[in-house]
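Protein sequence lines, in the order shown, are assigned to chains A and B. Letter by letter, the first sequence follows residues 1 to 235 in UniProt numbering. Letter by letter, the second sequence follows residues 1 to 235 in UniProt numbering. All C-beta atoms, glycine included, are put in the ideal place defined by N, C-alpha and C. This report concerns only the one structure given below.
2 protein chains.
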Amino acid sequence: MVQKVRIKRTSGSLRREESLSREQIIETSIELLDGSGEGGLTFRTLSERLATGPGAIYWHIANKSDLLTAACDAIIARTMNAPLASLTPGATPQAIIRLLALAMFDAMDEHPWIGSALTRAPGQSPMVRIVERIGQQIRILGVPKKEHWVTVSALLNYILGVGGRNAANGQFARTQGLDRTDFLEAVSTAWSQLDPEEYPFARGLAAQLRSHDDRKDFLAGIDLILRGIGSPHRT
Amino acid sequence: MVQKVRIKRTSGSLRREESLSREQIIETSIELLDGSGEGGLTFRTLSERLATGPGAIYWHIANKSDLLTAACDAIIARTMNAPLASLTPGATPQAIIRLLALAMFDAMDEHPWIGSALTRAPGQSPMVRIVERIGQQIRILGVPKKEHWVTVSALLNYILGVGGRNAANGQFARTQGLDRTDFLEAVSTAWSQLDPEEYPFARGLAAQLRSHDDRKDFLAGIDLILRGIGSPHRT
DNA sequence: ATAATAATGGAACGTTGTTCCATTATGGCC
DNA sequence: GGCCATAATGGAACAACGTTCCATTATTAT
Numbered sequence: 001m002v003q004k005v006r007i008k009r010t011s012g013s014l015r016r017e018e019s020l021s022r023e024q025i026i027e028t029s030i031e032l033l034d035g036s037g038e039g040g041l042t043f044r045t046l047s048e049r050l051a052t053g054p055g056a057i058y059w060h061i062a063n064k065s066d067l068l069t070a071a072c073d074a075i076i077a078r079t080m081n082a083p084l085a086s087l088t089p090g091a092t093p094q095a096i097i098r099l100l101a102l103a104m105f106d107a108m109d110e111h112p113w114i115g116s117a118l119t120r121a122p123g124q125s126p127m128v129r130i131v132e133r134i135g136q137q138i139r140i141l142g143v144p145k146k147e148h149w150v151t152v153s154a155l156l157n158y159i160l161g162v163g164g165r166n167a168a169n170g171q172f173a174r175t176q177g178l179d180r181t182d183f184l185e186a187v188s189t190a191w192s193q194l195d196p197e198e199y200p201f202a203r204g205l206a207a208q209l210r211s212h213d214d215r216k217d218f219l220a221g222i223d224l225i226l227r228g229i230g231s232p233h234r235t
Numbered sequence: 001m002v003q004k005v006r007i008k009r010t011s012g013s014l015r016r017e018e019s020l021s022r023e024q025i026i027e028t029s030i031e032l033l034d035g036s037g038e039g040g041l042t043f044r045t046l047s048e049r050l051a052t053g054p055g056a057i058y059w060h061i062a063n064k065s066d067l068l069t070a071a072c073d074a075i076i077a078r079t080m081n082a083p084l085a086s087l088t089p090g091a092t093p094q095a096i097i098r099l100l101a102l103a104m105f106d107a108m109d110e111h112p113w114i115g116s117a118l119t120r121a122p123g124q125s126p127m128v129r130i131v132e133r134i135g136q137q138i139r140i141l142g143v144p145k146k147e148h149w150v151t152v153s154a155l156l157n158y159i160l161g162v163g164g165r166n167a168a169n170g171q172f173a174r175t176q177g178l179d180r181t182d183f184l185e186a187v188s189t190a191w192s193q194l195d196p197e198e199y200p201f202a203r204g205l206a207a208q209l210r211s212h213d214d215r216k217d218f219l220a221g222i223d224l225i226l227r228g229i230g231s232p233h234r235t
């Protein structure tokens, strides 16, 4: 979606006809981030796309960190509200958590930059949205109140961990000029050439690495934690 | 540990007497990162500490990403080799994994920047070290070979997730001029003022947040996953 | 109409990672 | 012991970035 901006000519200097807005800035930022990765969003490229100067943007936004957090929050808000629609009425809390987690995975896969954007806003809006949605299911599951935070943060840390690694892989591959398959191939061959004395396990893992399915493995991890939550333990 | 560097005067231009080395550069980088956070390491501050120019550093190091990865690897190498000493002979794989995880937590707590440094080197040396140590215990645990990667990556993602969030909290607090307690206090009061209709769970969590113990909660998450690994499941 | 404020956009600043290059030490070879 | 290719140094310079500043223009209230 490319912006079309009317421009008014007044005494030699150009000025946009429609005024800027915070939402417009955020939406354009998302387009840039999706299109060119984390490095694709600068105040220059952004102001160029918006047919304005860098200074004008600062009227609507505090700084770049604020901008990234806002862009991230927009995605998370959509993500955490969307899956409500596809819910079957009698779904178990576990099933809903799986759904929420998968929605997060897909969002982080489509917008790899949110993985590192979440790193800029601890305890803020984007995080709260996720905690809330997951937490409500934790409560329904009957987890004792004292363990609410531990349980939610275990799931959250796992999800954000995967997101961070996804972002890292994408970023790394982009700078090397590889796509996902080439990247995995490279890591796999590197691991297969490790010293068998020092790294027997990692070496043996190379084959599995080459053909694994990120999404499936992610879900398997969620299931592992959910199973842990359901198992008895000493308090 | 402050470096003392002898300088030789030759025909008007200064030159260091002892030559630079990659290890020396990395060790000084670690000091800077530990002392002043992620933003504390620049090629200017680094070259100043080493009593040289930015250009000289590039003879020993490819770029900043390389430098960060190397610094991170140095810490991880020490961390993954150290706990071997304190092992009781009959320790279960679970106990060893807990020990390894705790060692990682403490390392990431002491050097918060490695959380984000790990984000720059997917599939590379630092990651391989962790995978190997954990993986060996996974094998001993008797996890079927097909599930090796899923299991290790679940633990790894959780650990790195916590590390990433730790780094984020530290970084965020530093820019706001707060220490850890003030930061938690701020988040907690912010959460307690959330809309009760929209965020009932997060709101109720505020109190728990204020008084929680990061290290304990981290370990609880590890136990959750370990319990999940031990529980029967459909393949 | 006039004053006050909101909003714009481009120039400019300081800092960053990185490159370039003139210069200097070092180690092998005749 | 002098010579030379190469290793290594260090400072200047570059491009790009986030951010600030300010002269200017639209918009609103009085």
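- By the criterion of a C-beta distance shorter than 7 Å, G115 (chain A) is surrounded in its chain by M108, G163, G164, N166, A167, once the five residues flanking it on both sides are discounted.
- Closer than 9 Å to the CB of H60 (chain B) there is not a single CB belonging to chain A.
- When CB distances to chain B are screened at a threshold of 7 Å, not a single residue of the segment 90-114 of chain A falls below it.
- Under the 10 Å beta carbon count, R180 (chain A) is surrounded by fewer than 16 other beta carbons and is classified as exposed.
- By the CB criterion at 9 Å, I130 (chain A) and I159 (chain A) fall inside the cutoff.
- Restricted to the segment 56-113 of chain B, the alpha helix (DSSP H) segments that are unbroken, complete and at least 4 residues in length are 64-81, 93-110, listed in chain order.
- Think of a sphere of 7 Å around the beta carbon of P122 (chain A): the chain B residues whose beta carbon falls inside it are R165, A168, N169, F172, in chain order.
- Between I61 (chain B) and R22 (chain B), the C-beta gap is smaller than 9 Å, which places the two residues in contact.
- Using a Cβ-Cβ cut-off of 9 Å, S192 (chain B) is close to nothing in chain A; its nearest Cβ partner there is about 12 Å away.
- Residue-level contact by beta carbon fails for D66 (chain B) and chain A, as no gap is shorter than 9 Å.
- Fewer than three beta-carbon pairs drawn from the segment 61-70 of chain B and the segment 176-190 of chain B are found closer than 8 Å, and the two stretches are therefore not classed as touching.
- In this chain, the alpha helix (DSSP H) harbouring A202 (chain A) covers 200-210.
- Sequence-distant Cβ neighbours of I76 (chain A) in its own chain, meaning closer than 6 Å and more than five residues away, are P126, R129.
- Taking a cut-off of 8 Å on C-beta distances, the segment 197-207 of chain B does not touch the segment 184-204 of chain A, as fewer than three cross pairs fall below it.
- Counting the other Cβ atoms within 10 Å of the Cβ of Q137 (chain B) gives 16 or more, which makes it buried.
- Not a single CB atom of chain A sits nearer than 9 Å to the CB of E197 (chain B).
- In chain order, I159 place their CB closer than 6 Å to the CB of M104 (chain B), counting only its own chain and leaving out the 5 sequence neighbours on each side.
- If you ignore the 5 residues before and after E38 (chain B), its C-beta comes within less than 7 Å of the C-beta of W113, S116, Q171, all in its own chain and listed in chain order.
- At least 9 Å separates the beta-carbon of S231 (chain A) from that of G35 (chain B).
- In the DSSP annotation of this structure, H233 (chain B) is not part of any alpha helix (DSSP H), being labelled neither H nor E.
- Cα atoms of E185 (chain A) and Q208 (chain B): separation of roughly 44 Å, rounded to the nearest angstrom.
- DSSP, reduced to helix, strand and coil, places L194 (chain A) outside both helices and strands of the structure shown, so it counts as coil.
- Membership of S29 (chain B) in the alpha helix (DSSP H) is indicated by the continuous run 22-36.
- Here S116 (chain A) carries a helix assignment [DSSP, helix/strand/coil].
- When Cβ-Cβ separations below 9 Å define contact, F43 (chain A) makes no contact with chain B.
- For D223 (chain A), the nearest CB of chain B lies under 9 Å from its own CB, placing it at the interface with that chain.
- Closer than 7 Å at the C-beta level to chain A, one finds these residues of the segment 134-147 of chain B: G135, Q136, R139.
- By the rule that beta-carbons nearer than 9 Å mark a contact, T119 (chain A) touches chain B.
- Under the criterion of beta carbons closer than 8 Å, T69 (chain A) and Q124 (chain A) qualify as touching, at roughly 6 Å.
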